[in-house]
Every structure is written in structure tokens, then in C-alpha cells.
């Protein structure tokens with residue numbers, strides 16, 4: 066009898082539990098799971114959203130890989146961007162966090178100055194950087210370089226400079242990563258440093274053997290988030306360059322957007338989205354698989 | 554340490570080597586035809602000179618420390634010496650150099666001397682050096698970081714004729730407050746502000762309601778498949794939004810929601826994975842005794858949720874509210890895809906339209922940008938704690 070009541074209670078709790086998560090579950094089934102499946106089916110069609118879709122098998126994918134110059138260009142550009150901005154950003158963020166962690170005077174002021182750019186609206190930020198990157202001496206960067214007798218750089222107008230400009234711009238937003246590192250650094254127990262000092266470790270030794278392993282979960286998190294984020298650059302390139310000059314800043318998502326909403330090739334764009342998903346997934350998996358070698362989890366030792 | 558036994562300051566030889574290399578680069582650069590090569594070499598040479606100077610300074614400090622002198626005087630001289638060197642190299646930059654290198658160095662030094670460390674001892678010479686250098690690096694770094702901001706603000710007050718002045722005008726003359734009124738009269742920004750506020754407020758409400766409930770379900774209720782579903786929830790965070798973008802667009806336009814605010818607000822009522830995760834982590838820190846006590850007193854699940862647990866997670870709710878505000882206020886792609894009527898634009902989209910129509914009026918564009926940024930700045934300074942908490946929970950515990 067007692068058992069029966071208990072199971073009745075359990076069933077009641079289960080129903081209430083499902084009710085609690087119902088909003089998310091509904092959204093997930095309709096707008097995520099359903100959409101993902103729908104997106105894959107549509108990637109096998111030719112579809113402009115006005116006329117009915119026409120099934121074409123894998124020909125979208127075939128076209129993309131065989132003879133789509135802009136696909137290769139956008140993937141290359143985005144990969145170079147990710148390959149440069151992620152490590153650079155992570156290094157800068159970590160360096161800033163370590164400087165702030167020295168408990169210098171005015172730490173909160175510095176923290177705010179470095180963090181605020183990371184939370185500002187992308188559209189407004191893009192406007193500001195267009196001004197900063199003005200081609201002649203009227204742009205502030207060129208004006209500063211001029212003080213050092215360096216001739217003006219065509220930041221956004223020359224194909225060989227535009228990607229570098231975007232990478233520089235991405236460094237303005239390292240504040241988010243910096244805050245995460247700072248929290249990670251502050252959670253490293255001071256006893257570990259003292260023990261290392263007794264063992265005769267210098268500054269580099271302490272950094273290499275105490276700091277890095279202890280914050281490796283944070284590094285891991287920032288690396289994955291950095292990769293995902295850098296493959297999804299859109300607003301800045303859409304506003305500042307529209308992919309130009311000579312497709313030198315045609316980021317992947319910008320190309321996807323153009324295919325979908327400018328040329329109305331929805332099926333093709335779905336295929337592009339799936340390739341993006343596969344690339345991000347593959348990179349994330351690679352990082353996760355290698356993480357066993359370099360990420361140190363304290364909890365593992367306690368087990 | 555071995556410094557006691559060293560006759561000369563350590564690192565001197567390395568410093569001399571670096572300096573010689575610097576001079577060689579400098580000479581090489583001067584020999585190259587063309588200004589660009591020469592100036593690049595000059596910059597490199599300067600950097601190497603500075604590095605050499607730093608090594609000498611480092612060595613002499615260790616030397617002085619080993620011999621028991623007070624290292625203060627030598628340290629005080631370092632930033633000044635460096636500033637002096639830069640002034641010699643770039644005579645026309647003397648003032649800037651002193652402002653950027655010399656002054657923060659002095660300030661940093663002044664702030665550090667006599668400052669006790671965590672254990673209450675006064676700082677060693679070595680620590681003072683590091684702190685001074687760190688302070689200086691932070692001042693220079695934040696100065697660079699502030700350039701785009703200041704440039705935006707400066708431009709927003711300039712007269713149109715002075716926007717592209719060469720050499721650039723640092724402080725606007727005349728100072729035109731009227732640019733802001735002008736920018737707002739060119740496009741209906743008041744309308745855009747209202748639209749953005751409406752979307753942001755409704756979305757925030759939706760996120761708070763749905764995420765707190767869903768997170769409660771995952772944290773406190775036991776039901777079959779809970780852990781699997783939670784992993785599914787977490788993995789959706791990895792899914793690029795572009796994969797679902799087109800089907801979701803199709804769904805919303807089939808529902809007749811194109812060119813309305815509904816696609817921008819309704820999804821928030823289904824919660825978002827990141828916020829649910831964040832709140833669930835926070836629920837886990839609330840002791841189970843609290844809801845058990847309430848249950849014994851006869852509280853229903855809804856009462857446990859709304860009366861007992863919800864008040865406990867207020868700080869996390871504040872974090873969710875702030876991040877939800879930020880996401881919607883900053884969203885560009887959403888309005889770009891779904892909104893076509895000009896009167897329904899949000900601020901981010903309005904800014905883009907403004908740039909399309911008045912591309913040359915950079916002073917007005919910068920004024921409008923500043924206004925779009927302003928609420929976020931205000932929000933940051935009001936809720937700094939919650940911002941940082943949100944980032945930290947996501948990064949360290951995730």
C-alpha cells in the first residue's frame with residue numbers, strides 16, 4: 066500500500082516536472098529540433114520560399130564543394146580570422162587578467178574600461194570602427210601612425226588589410242574573456258604558489274606549473290566559445306564592408322545571409338548552414354578530445 | 554638567491570647585445586630607400602632599445618637589492634629614462650610620450666612604494682618593479698582601448714567641416730551639442746527607441762518567467778529522462794543559430810508574423826539554454842532543506858517555486874535580466890531579417906539605415922551611435938556585479 070502511494074507521488078512529481086520544463090521543451094521541439102531536421106531536408110532542395118521547393122538530392126552540396134568560389138573564399142577568410150583572432154584574443158585576455166590580478170591600484174576602473182567594449186551593440190561598434198579605420202589621415206589610427214611617420218594604411222579598402230583590420234577590431238572585445246580568466250586566477254589557492262616558491266620556482270615556473278594547469282578549464286571554455294563565436298561574425302562585416310573589397314572580408318555567415326535573403330536561394334543557404342555546423346562541431350570535438358591531455362579538473366582527483 | 558655572488562648586474566650582457574642589435578636594425582633601416590622601411594626599422598630599433606633598457610633596469614635592481622641599497626631612486630629614474638629616450642627619438646612627440654610612458658610610470662611607482670602585500674610585509678623591490686610595470690601596461694592598454702570611444706565622442710560634437718580635418722581635431726571646436734538633436738531629427742529615432750524598449754522589455758519578461766520555471770524543473774523535480782534532456786539543453790548551446798535561422802524564418806512567416814515584433818519576442822517565452830543553465834546552477838546552491846520544510850508545511854510545487862526558491866535566486870535573476878536586455882538591445886540580425894517597415898525598426902537597425910542614407914554625416918552618425926550605446930553603459934555601471942557574476946558562472950563552473 067505504502068509503495069503504491071509513493072509511486073503515485075512520483076508520477077505526480079514527474080508530471081509537474083514535465084510541466085515545469087514544458088516551455089523549453091515546446092520551443093526545443095518546434096524551433097530547434099524541428100528546424101534542424103527541416104533545414105537538412107531543405108538543403109536537399111532548390112527553394113526560393115515563394116515557389117514550392119524542388120528536390121535535387123545532394124546537388125547543392127556538390128555545387129558548393131565543386132565550383133563555388135565564394136564558398137571557398139568565405140571559408141578561407143573565416144578560418145584565417147578564427148585562427149588569428151582566437152589565439153590572439155585569448156593571449157591578450159589572459160595577459161590583461163594577470164596584470165589585473167596583481168592587485169594594482171584602480172583595478173576596478175581598468176576592468177570596466179576593458180570589459181565595456183564587449184557588451185556594446187555590434188551595430189554601433191561597427192560604426193565607430195569605420196570612423197577609426199578611415200583610410201586617410203582623417204582616421205584616428207592613421208593619424209596616430211602619422212605621428213610615428215608611418216604612411217596611412219588603407220584599413221578597410223585594401224584586400225590585404227581588411228581582414229587584419231577585423232582581427233584588430235576583435236581584440237577590442239577581449240574583455241569578456243578577461244573577466245572569466247580573472248575569476249579563474251582568483252580561484253587558484255595561494256598555498257600552491259607558496260609551495261612552488263619553496264620548491265624554488267621562479268615567476269615563469271609558477272606560471273607554467275601552477276597557473277596554467279589550474280586555469281586550464283577556463284582556457285578550454287574560452288577556446289571553445291572563441292571558435293564558435295569567430296565562425297559566426299556577421300554584423301561588423303555586414304555593416305562595414307559588405308564582404309568587400311574583392312571578397313576579402315566575405316565572412317561565412319555573411320555569405321550565408323546573402324545567399325538566403327538577397328538571392329533567395331534558401332535550399333543552398335541551408336546546405337551552407339549545415340556545412341558551418343559540421344565545421345564547428347568538428348573543431349569543437351577536436352578540442353574536446355585533446356582536452357584530456359591538457360585540461361586539469363580538480364574534481365577528477367577527488368574521485 | 555645567487556645575486557649575492559654576482560659581481561656585475563645580471564642581464565647586462567644580454568642588454569648590451571639587444572641594444573647593439575637595435576642599433577644595427579636602425580642603421581639597416583636608414584640605409585633602405587623609402588620612408589616606410591626606415592620608419593619601421595626605427596620603431597623596431599626603439600622597441601629593442603627599450604627592451605635593453607628594461608633588462609638593464611631589471612639587473613640593476615637585483616644588484617642593488619643584493620647589496621642592500623634602497624632601490625627606490627633607480628626605479629624612479631626608469632620610466633623617466635625611457636620617456637627621455639623616446640623623446641629623443643621622436644622630438645615632435647615629446648609631450649605625448651611623457652604623458653603615456655613617463656607619467657603613469659611615476660604614478661604607478663608612487664602608488665606602489667610602501668604598499669604592503671597580502672601578508673602585511675612591505676613590497677620587495679622586485680614586486681614594486683612588477684607592479685609598476687603592470688600599472689604602466691594597464692594605463693597604456695586602457696588608453697588604446699579608449700581611443701575608439703573618445704574618437705566617437707569627439708566626432709559626435711564636431712562641425713561637419715572638421716570631421717575629416719587633417720591633422721585631426723582632438724577637441725572639437727566649435728563644440729556642437731546640437732548634433733545630437735540634429736541626428737534625432739533626421740530619422741525617427743524616438744520611434745526606434747520605443748520599439749527597441751518594447752521588444753527588450755517583453756523579451757526580458759519572457760526569459761525571466763520561462764527560464765526560472767524550466768531551471769526549477771531541472772534542478773528540483775525528478776522525472777524520467779531529466780538528465781538526458783538537460784544534456785540536450787546544454788548541447789543546443791553549441792548549435793549555430795544559422796542552422797535554424799531559415800526554417801524558423803519560414804515558420805514565422807507562415808504564421809504571418811513577418812514584419813511584426815512577434816518573431817523577436819515570442820521565442821524568449823520558450824527560454825534560452827544559457828539562461829536556464831545559469832539559473833539551474835544557482836538553484837543547486839540553495840539547500841534542499843528549504844523546500845523540504847515548505848513541503849512539510851503543505852506547500853504545493855508551485856508555492857515552493859514561487860514563494861521559497863524564487864526569492865532565493867534573485868541575484869541570478871538580475872543577471873538573466875541584464876543579459877537578456879543586452880542580447881535584445883544589441884540584436885542586429887533578428888530585426889534585419891524580420892522587420893521591413895521603416896517605422897518598426899529597432900535602434901540597431903535604425904542606425905544602419907541612418908548610415909545608408911547619411912553616410913557622409915559622420916558627426917551625426919557618431920552622435921546616434923553614442924546614444925544607442927548609452928543605455929548599456931548605464932546598465933553596466935548600475936549592475937556591474939551581475940554582469941561579472943553572469944560571465945563568471947558561465948565560464949568557471951561551465
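Residue numbers (the working numbering), protein chains in the order written: chain A, 66 to 368; chain B, 554 to 951.
Idealized CB from N, CA, C, for every residue including glycine.
Everything numeric in this text was worked out from a predicted model, so none of it was measured.
Can a CB atom of chain A be found closer than 7 Å to the CB of residue i?
i: residue 586 of chain B; result: Here the model assigns residue 586 of chain B a pLDDT of 47, short of 50, so the residue's position is not dependable, and the following value carries that caveat. Judged by the 7 Å Cβ criterion, residue 586 of chain B is not in contact with chain A.
i: residue 701 of chain B; result: yes
i: residue 857 of chain B; result: no
i: residue 898 of chain B; result: no
i: residue 817 of chain B; result: no
i: residue 684 of chain B; result: yes
i: residue 904 of chain B; result: yes
i: residue 559 of chain B; result: For residue 559 of chain B, the predicted structure reports a pLDDT of 38, less than 50, and the residue's modelled location is therefore unreliable. A value from the coordinates is still provided. Output row for residue 559 of chain B: interface = no.
i: residue 705 of chain B; result: yes
i: residue 795 of chain B; result: yes
i: residue 881 of chain B; result: no
i: residue 775 of chain B; result: yes
i: residue 886 of chain B; result: yes
i: residue 751 of chain B; result: no
i: residue 800 of chain B; result: yes
i: residue 936 of chain B; result: no
i: residue 901 of chain B; result: yes
i: residue 875 of chain B; result: no
i: residue 761 of chain B; result: no
i: residue 824 of chain B; result: yes
i: residue 828 of chain B; result: no
What is the C-beta distance between residue i and residue j, in whole angstroms, given that I count them as a contact (C-beta under 8 Å)?
i: residue 861 of chain B; j: residue 844 of chain B; result: 6 Å
i: residue 859 of chain B; j: residue 757 of chain B; result: Not a contact, Cβ separation roughly 18 Å.
i: residue 332 of chain A; j: residue 108 of chain A; result: 6 Å
i: residue 280 of chain A; j: residue 250 of chain A; result: 6 Å
Given a threshold of 16 other Cβ atoms within 10 Å of its Cβ, counted over all protein chains shown, does residue i qualify as buried or as exposed?
i: residue 307 of chain A; result: exposed
i: residue 169 of chain A; result: buried
i: residue 711 of chain B; result: buried
i: residue 262 of chain A; result: exposed
i: residue 561 of chain B; result: Summary for residue 561 of chain B: the model assigns pLDDT 43, below 50, so the residue's position carries little reliability; its value from the coordinates is reported in the next sentence. Per the 10 Å Cβ criterion, exposed.
i: residue 72 of chain A; result: exposed
i: residue 289 of chain A; result: buried
i: residue 816 of chain B; result: buried
i: residue 743 of chain B; result: exposed
i: residue 342 of chain A; result: buried
i: residue 324 of chain A; result: buried
i: residue 225 of chain A; result: exposed
i: residue 976 of chain B; result: Absent from the model: residue 976 of chain B. The displayed extent of chain B is 554 to 951, so no value can be given.
i: residue 125 of chain A; result: buried
i: residue 716 of chain B; result: buried
i: residue 116 of chain A; result: exposed
i: residue 701 of chain B; result: buried
Quick check: is the beta carbon of residue i nearer than 7 Å to any beta carbon in chain B?
i: residue 325 of chain A; result: yes
i: residue 82 of chain A; result: yes
i: residue 155 of chain A; result: no
i: residue 185 of chain A; result: yes
i: residue 220 of chain A; result: no
i: residue 370 of chain A; result: The structure shown has nothing for residue 370 of chain A, since chain A only spans 66 to 368.
i: residue 321 of chain A; result: yes
i: residue 266 of chain A; result: no
i: residue 351 of chain A; result: no
i: residue 203 of chain A; result: yes
i: residue 149 of chain A; result: no
i: residue 260 of chain A; result: no
i: residue 275 of chain A; result: no
i: residue 297 of chain A; result: yes
Tell me residue i's beta-bridge partners as DSSP assigns them.
i: residue 111 of chain A; result: A/119
CB of residue i to nearest heavy atom of the ligand ZN: below 6 Å?
i: residue 209 of chain A; result: This structure does not include the ligand ZN; it has no bound ligands of any sort.
### Query
Looking at chain B, which residues of the stretch 106–120 of chain A have a Cβ within less than 8 Å of any of its Cβ atoms?
107, 114
### Task
Mind checking the stretch 710–728 of chain B against chain A and listing, in chain order, the residues whose C-beta falls within less than 8 Å of any C-beta there?
Taking 8 Å as the Cβ-Cβ cut-off against chain A, the residues of the stretch 710–728 of chain B that qualify are 716, 717, 718, 719, 720, 721.
### Query
Going along the chain, which residues of the stretch 906–929 of chain B sit with their C-beta nearer than 7 Å to a C-beta in chain A?
908, 915, 918, 919, 922, 925, 926, 929
#### Entry: Near-chain B residues of the stretch 88–103 of chain A (beta-carbon distance less than 8 Å), N- to C-terminal order
88, 89, 90, 91, 92, 93, 95, 96, 97, 99, 100, 101, 103
#### Entry: Short-range partners of chain A found in the stretch 735–748 of chain B, where Cβ spacing is below 9 Å
none
#### Entry: Chain-ordered residues of the stretch 836–870 of chain B with a beta carbon less than 7 Å from chain A
854
#### Entry: Contact list for the stretch 127–142 of chain A against chain B, Cβ threshold 9 Å
Of all residues in the stretch 127–142 of chain A, none has a Cβ within less than 9 Å of some Cβ in chain B.
### Members of the stretch 171–182 of chain A that neighbour chain B once the beta carbon cut-off is set at 9 Å
171, 172, 173, 174, 175, 176, 177, 178, 179, 180, 181, 182
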